[in-house]
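Undergrad: What follows is a single structure, and I will ask about it in a moment.
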Amino acid sequence: MSESNTPAVRTEGIWKVFQQEAEEIQAVRDVSLTVERGEFTAIAGPSGSGKTTLLNLIGGLTRPTRGRVWVAGQEVSEMSNQQLAQLRLDQVGFVFQAFNLLPVLTAMENAEFPMLLQGVAADERAARIDELFKRTGMSGLEDRRPGKLSGGQQQRVAVVRAVASRPALVLADEPTANLDSATSEALLDVMLELNRDLGVTFVFATHDARVMGRSRRLVQMVDGRIDSDETRA
Amino acid sequence: MHARTIVVLAMRNLRRQMRRTMLTAAVMVIGGALLIFAFALSDGTHEQWIDSGIRTSTGHVTIEQPEFRTSRRIENRLATDLRRKTEHALASPEIAGQVVAVSSRLSISALASSAAGARPAQILAVDPVAEARFSTLDDQLVEGRYLEPDDRLAAYIGVGLASSLELRLGSRLVVQAEDTEHEIAAQLLRVVGIFRNGVPEVDQAVVHIPLQTAGEWLGSHHDVTNVGVVLTGSTAVAAVTAHLERALVDPIARGDARVMGWREANPALAAAIAIDSFGNYLMFGILFIIIAFGIVNTILMSVLHRHREFGVLQALGLTPGQTGTIVLVEGLTLTAVSGFIGVSLGLLATWYFFGDGLDMSALMGEDMTFSGVVIDPVMVPQFRLVRIAQILTFILCIGAVASIYPALRAAKIDIAESMKFER
Ligand SMILES: Nc1ncnc2c1ncn2[C@@H]1O[C@H](COP(=O)(O)OP(=O)(O)OP(=O)(O)O)[C@@H](O)[C@H]1O
Ligand SMILES: [Mg+2]
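As structure tokens, this is what we get:
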């Protein structure tokens, strides 16, 4: 079922409802969305519109209150915690807004961590890291700890890590929000290039007009619902 | 593969949190050292009590006719051939390394009298050479000398009896007891030495005389009422008892002999040690609950501080179980390493500072005694392999128990929640 002809992700009428004291917060309402492999998709919307929650649902970090989610053809809602962990390991790469990296590991070790868990052989790991570090302009910084890297460099390592394990899609929640505009632009270039050259599927949540402007597909969210979904030629 | 990754992460985390690691380690080191120190001293003290108690009574192990202990009558004695058989078994090379002294003796109740009056006495008829090695009484001489092999009609008495019967060196006394023919027989003795043990009952009543003299006086010849054995330590009791029970299987089956360890022969002493040990265990139980809480606290704090990291790890595909395992490995490594260091330091310090004994005489009055034991004011620590292993295991258990709750917390985090970015 996880062959590459299935969509990277498909949701069918998913809801996420948080219970906060007496209040019921509908963070995601009835979202049906399909992202094909190789797409470069931005999810935009005002603060609190449910972008992060939607990404968490897609990536198997949270379970939907209602509705169903398929990642690489695998239905997520029925999975055990172990199966979910395995799904995240094999099919999903994450890039968060900041503090993505494990502070005790070097850039290289951070980047190869998911591959270690997957059991990828050492020479294969080294080859992938080497290529991706070159592509992202990180060569020579392999042995630095995250504390000794700039914010932009840290995000690049996070992108390398997310891509290196060959997932069906990479989810990035405001990856440029903590970067200045030049650095944001450069990171965006890196991701667009990976998308174009290697066919990596990216789904972003973003406030950043630049990211929206350069995405082929733009999904707008308002109050937990999809308000518009446009794909440019 | 996963295991190695988990261990590497755990080790790096410990190193990164050096200050917290050192703090927890210090607590464990102090705890481990304290445990070793206190147990070495208490084990050493108990061993001294045992040694003191058994040397003035029947030894670490005693072989007796089964009824003698309650009847205290001469008819319940070991016949000469059984005595020889027992002595032979004790000379076996199999246990020779554990046997320090063997003394075959005839113990009888008697009445001792002089011109000044009469007193009940506890006569111990002995082979002077064997008994000198067995007993501490010969060293507690205050006047004269201990019995010698050629002595006949000689008596070695305590200061208490000497003063109540107004006896001095060379004085004569008469002892009377029931002989093997159930007749009252009297024997004249001459005081050759006077001892001072410190236990009033001993100083008042115990009289050592040559076994040969007793054999002629009572018609018991070379028979004895017990064969007492002093061993290298109380830990050797089980092996020696087992060996004797095998060697004497026939007489034991016939009801002619019985092998008893010191606990059975000195129940009051055994009880005193048990009570003292219980107090120690209780104290250390409480001490370690406190230490365990300290460790739970530091490990838990480190988990709470790293909430986001555990979120990242699980987002990357680590299962909750693997995440918890990292915390467990951290906690166990920390306690194992620091526990080991603590125990080593404890051993070293105890051995270096108190190896020759810790003199408590300033805190103790003279002659503190209980149930036939004279408490030595110099506490000499004892190091037992079993005890060290016990303490290390105990420390590891505390580490494991203290890590479980933090590990569960790390395993059960809400990933989405931990990844939230506060702006
Ligand atoms: N764990 C939670 N408990 C209760 N309410 C929550 C929880 N997580 C999110 N919410 C609510 O759900 C709604 C959607 O939140 P979400 O973080 O998905 O929005 P967002 O679009 O990512 O916003 P932002 O642009 O600020 O990151 C908000 O109203 C938020 O307060
Ligand atoms: Mg968000």
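Protein chains in written order, with the working numbering: chain E, 29 to 261; chain C, 925 to 1347. The C-beta atom is built at its ideal place from N, Cα and C for all residues, glycine as well.
Would you say C/A927 lies against chain E (beta-carbon separation less than 8 Å)?
TA: Position 3 of the second sequence, counted from the first residue, corresponds to residue 927 of chain C. No, because no Cβ of chain E sits closer than 8 Å to the Cβ of C/A927.
Undergrad: Looking at the strands, I want to know which residues DSSP matches up with C/I1108.
TA: Working through the second sequence from its first residue, we reach residue 1108 of chain C at position 184. For C/I1108, which the question treats as bridged, DSSP gives the partners C/E1102.
Undergrad: How should C/Y1070 be labelled, buried or exposed, when 16 other C-beta atoms within 10 angstroms of its C-beta is the threshold for buried?
TA: In the second sequence, residue 1070 of chain C corresponds to position 146, counting from 1. C/Y1070 is buried by the Cβ-count criterion.
Undergrad: Among the candidates E/R94, E/K79 and E/W98, whose CA atom is the shortest distance from the CA of E/G88?
TA: Walking along the first sequence from the start, residue 88 of chain E turns up at place 60. Checking every option, the nearest Cα to that of E/G88 belongs to E/W98.
Undergrad: Does the structure place the stretch 1196-1214 of chain C close enough to the stretch 993-1006 of chain C that three or more beta carbon pairs sit under 8 Å?
TA: Cβ pair count under 8 Å is below three, so no.
Undergrad: Note down the Cα distance separating E/N138 from E/A186, rounded to an integer number of angstroms.
TA: Along the first sequence, read from residue 1 onward, the residue named residue 138 of chain E stands at position 110. Along the first sequence, read from residue 1 onward, the residue named residue 186 of chain E stands at position 158. Approximately 8 Å between the Cα atoms of the pair.
Undergrad: Quick one: is the Cβ of E/K79 within less than 7 Å of any heavy atom of ligand 2?
TA: Here the question's residue 79 of chain E lines up with position 51 in the first sequence. Flag set: Cβ of E/K79 near ligand 2.
Undergrad: Helix, strand or coil for C/N937, going by three-state DSSP, please let me know.
TA: One-based indexing of the second sequence puts residue 937 of chain C at position 13. Here C/N937 sits in helix by DSSP.
Undergrad: Taking only beta-carbon atoms, is E/Q181 less than 8 Å away from chain C?
TA: Within the first sequence, the letter at position 153 stands for residue 181 of chain E. Not closer than 8 Å to any Cβ of chain C, the Cβ of E/Q181 fails to qualify, so no.
Undergrad: Can you list, in chain order, the residues of its chain whose CB lies under 7 Å from that of C/A1260, leaving out five sequence neighbours each side?
TA: As a working mapping, residue 1260 of chain C is identified with position 336 in the second sequence. L1320 and G1323.
Undergrad: Report yes if the CB atom of C/Q1354 is closer than 8 Å to the CB atom of C/G1082, and no otherwise.
TA: Only positions 925 to 1347 of chain C appear in this structure, which leaves residue 1354 of chain C out of reach.
Undergrad: Give the interface partners of E/Q54 over in chain C, defined as CB-CB distance under 7 Å, in chain order.
TA: The residue given as residue 54 of chain E occupies position 26 in the first sequence. In chain order: nothing, as chain C lies at least about 16 Å away.
Undergrad: For a cutoff of 8 Å on Cβ pairs, would you count E/S30 as touching chain C?
TA: Translated into the one-based positions of the first sequence, residue 30 of chain E becomes position 2. Model confidence at E/S30 stands at a pLDDT of 45, short of 50, so the residue's coordinates are unreliable; what they give is reported in the following sentence. For E/S30, the answer is no, since every Cβ of chain C falls outside 8 Å of its Cβ.
Undergrad: Does E/T234 have its Cβ less than 8 Å from a Cβ in chain C?
TA: Taking the first residue of the first sequence as 1, we reach residue 234 of chain E at position 206. No, E/T234 lies away from the interface with chain C (no Cβ there is under 8 Å from its Cβ).
Undergrad: Along chain E, which residues have their Cβ under 8 Å away from the Cβ of C/M1225?
TA: On the second sequence, position 301 is the one that residue 1225 of chain C refers to. What C/M1225 touches in chain E: nothing, since even the nearest Cβ is about 17 Å away.
Undergrad: Is the separation between the beta-carbon of C/V1253 and that of C/Y1329 shorter than 8 Å?
TA: By one-based count along the second sequence, residue 1253 of chain C stands at place 329. By one-based count along the second sequence, residue 1329 of chain C stands at place 405. No, the Cβ-Cβ distance between C/V1253 and C/Y1329 is not below 8 Å.
Undergrad: Can you pull the chain E residues whose beta carbon is under 7 Å from the beta carbon of C/I1339, in chain order?
TA: Position 415 of the second sequence, counting from 1, holds the residue named residue 1339 of chain C. What C/I1339 touches in chain E: L89.
Undergrad: At the level of alpha carbons, what is the spacing between E/L144 and C/D1338?
TA: As a first step, residue 144 of chain E must be located in the first sequence, where it is residue number 116. As a first step, residue 1338 of chain C must be located in the second sequence, where it is residue number 414. Their Cα atoms are separated by approximately 24 Å.
Undergrad: With burial defined as no fewer than 16 other Cβ atoms inside 10 Å of the residue's Cβ, what is the status of C/K1009: buried or exposed?
TA: Position 85 of the second sequence, counting from 1, holds the residue named residue 1009 of chain C. With 16 or more other Cβ atoms within 10 Å, it is buried.
Undergrad: Taking E/N206 as part of the alpha helix (DSSP H), name the residues at either end of that continuous run.
TA: In the first sequence, residue 206 of chain E corresponds to position 178, counting from 1. Neither: E/N206 is in no alpha helix (DSSP H) and is coded neither H nor E.
Undergrad: Beta-carbon of C/R1308 versus every beta-carbon of chain E: anything under 8 Å?
TA: Within the second sequence, residue 1308 of chain C is the residue found at index 384, counting from 1. No, its Cβ sits nowhere closer than 8 Å to a Cβ of chain E.
Undergrad: Please return the same chain residues whose Cβ sits closer than 7 Å to the Cβ of E/V198, not counting the five positions on each side in sequence.
TA: For the purposes of this step, residue 198 of chain E is identified with residue 170 of the first sequence, where counting begins at 1. Cβ within range, chain order: G121, V123, A190, V191, V228, T229 and F230.
Undergrad: For the stretch 122-140 of chain E, list every residue whose C-beta sits within 8 Å of some C-beta in chain C, in sequence order.
TA: Here the close residues are F122, F124, Q125, A126, F127, N128, L129, L130, P131, V132 and L133.
Undergrad: Around the C-beta of E/L117, are 16 or more other C-beta atoms found within 10 angstroms, so that it is buried, or is it exposed?
TA: Taking the first sequence and counting its residues from 1, one reaches residue 117 of chain E at position 89. Under this definition E/L117 is a buried residue.
Undergrad: Helix, strand or coil for E/M143 per DSSP?
TA: Counting from 1 along the first sequence, the entry for residue 143 of chain E is found at position 115. E/M143: helix per DSSP, three-state reduction.
Undergrad: Note down, in chain order, every chain C residue with its Cβ under 8 Å from the Cβ of E/A72.
TA: The residue you call residue 72 of chain E lines up with position 44 of the first sequence. Here the premise fails: no neighbours, minimum Cβ distance about 17 Å.
Undergrad: Classify C/D1338 as helix, strand or coil using the three-state DSSP reduction.
TA: The residue given as residue 1338 of chain C occupies position 414 in the second sequence. C/D1338 falls in the coil class under three-state DSSP.
Undergrad: Note down, in chain order, each residue of its chain lying with its Cβ closer than 6 Å to the Cβ of C/V1151, except the 5 sequence neighbours on either side.
TA: Position 227 of the second sequence, counted from the start, is the residue given in the question as residue 1151 of chain C. Result list for C/V1151: I987, T1010 and S1028, in chain order.
Undergrad: Counting only Cβ pairs nearer than 8 Å, list the residues of chain C close to E/L192.
TA: The residue you call residue 192 of chain E lines up with position 164 of the first sequence. The sequence as given places Ala at residue 192 of chain E; Leu does not occur at that position. By Cβ distance, chain C contributes nothing, its closest Cβ being about 11 Å from E/A192, past 8 Å.
Undergrad: Could you pull out every residue in the same chain whose Cβ sits closer than 6 Å to the Cβ of C/H970, ignoring the five residues on either side in sequence?
TA: Along the second sequence, read from residue 1 onward, the residue named residue 970 of chain C stands at position 46. The answer, listed in chain order, is I1197.
Undergrad: Between which two residues does the alpha helix (DSSP H) carrying C/A1020 extend?
TA: Indexing the second sequence from 1 puts residue 1020 of chain C at position 96. P1017 to A1020 is the span of the alpha helix (DSSP H), which, as asked, contains C/A1020.
Undergrad: When the Cα atoms are used, what is the spatial distance from E/T90 to E/E170?
TA: For the purposes of this step, residue 90 of chain E is identified with residue 62 of the first sequence, where counting begins at 1. For the purposes of this step, residue 170 of chain E is identified with residue 142 of the first sequence, where counting begins at 1. Each residue's alpha carbon lies about 32 Å from the other.
Undergrad: Check whether the Cβ atoms of C/G1117 and C/E1067 sit closer than 8 Å, and answer yes or no.
TA: If you number the second sequence from 1, residue 1117 of chain C lands on position 193. If you number the second sequence from 1, residue 1067 of chain C lands on position 143. Their beta carbons are under 8 Å apart, which means C/G1117 touches C/E1067 by this criterion.
Undergrad: Return no unless some Cβ of chain E is closer than 8 Å to the Cβ of C/N1204.
TA: Position 280 of the second sequence, counted from the first residue, corresponds to residue 1204 of chain C. Not one chain E Cβ lies under 8 Å of C/N1204.
Undergrad: Taking the alpha-carbon of C/Q1111 as reference, which of C/P1044, C/Q1100 and C/E1105 has the nearest alpha-carbon?
TA: Translated into the one-based positions of the second sequence, residue 1111 of chain C becomes position 187. Looking at the Cα atoms, C/Q1100 is the closest of the given residues.
Undergrad: For E/M136, collect the residues of the same chain with a Cβ closer than 7 Å to its Cβ; drop the 5 residues on either side in sequence, then sort them by chain order.
TA: Position 108 of the first sequence, counting from 1, holds the residue named residue 136 of chain E. The answer, listed in chain order, is I157, E170 and D171.
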